[in-house]
Amino acid sequence: MPKRKRGIAGDAASRREAIRKRERRVVETEEERSRRLAVMAQRGQDRRVEGTEEQRNSRLSDMAQRGQERRAEETEEQRNSRLAVMAQRGQRRRAEETDKQRDSRLSAMLQHARERRLNIIEGQNHHQIQTFYAARTVLNRRTQLWRNGQSLSEMRRVVFPG
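Heads up: the sequence shown begins at 1 in full-length UniProt numbering, then just goes up one per residue.
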């Protein structure tokens, strides 16, 4: 890659080059435009393939940040328009999919729902188990205090301090 030109002459040269590129793009055919964009896309893919995991994570983080900023600044009308376009794309994609693709998509949705329900149940069970152990600990402590002949008020003070 050639070195970047510096100084006033370099700025003027880069401006002239940018103008020439714009003028070329104005007169290019659809085929030339498609070829130019395909080459650009391929270069981007090659660059991403060569990147490290850290570079990939940084790039994805930047993209997510830009998306959040863009969504934070959009109006209600822009948001509705964006969501409508997304819905149309989804409908179009579903209309064009094969039966095999549809079955695969529905199977993935079903699996995801099962995993979500399982996680909820596991979370509830974890809470119930914690509650059980806490109650058992209190009961064991009360029993221990009772065996030592301490009064009920003393037991309450030890079990429920504060």
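Positions of the beta carbon are idealized from the N, C-alpha and C atoms, including for glycine.
Contact set for residue i: own chain, Cβ-Cβ below 8 Å, skip 5 residues either direction
i      : result
Arg102 : Arg94
Glu97  : Arg105
Arg28  : Strictly speaking, residue 28 in this sequence is Glu, with Arg absent from that position. Same-chain partners within the cutoff: Arg36.
Gly51  : Arg59
His112 : none
Given residue i as reference, the closest of the options once Cα atoms are compared
i      : options                        : result
Arg142 : Asn57, Thr75, Arg48 and Arg157 : Arg157
6 Å Cβ shell around residue i - same chain, five flanking residues per side excluded
i     : result
Met40 : none
Glu17 : none
Residue ranges of each alpha helix (DSSP H) within the UniProt domain "STPR" (56-119), 4 or longer: 76-96
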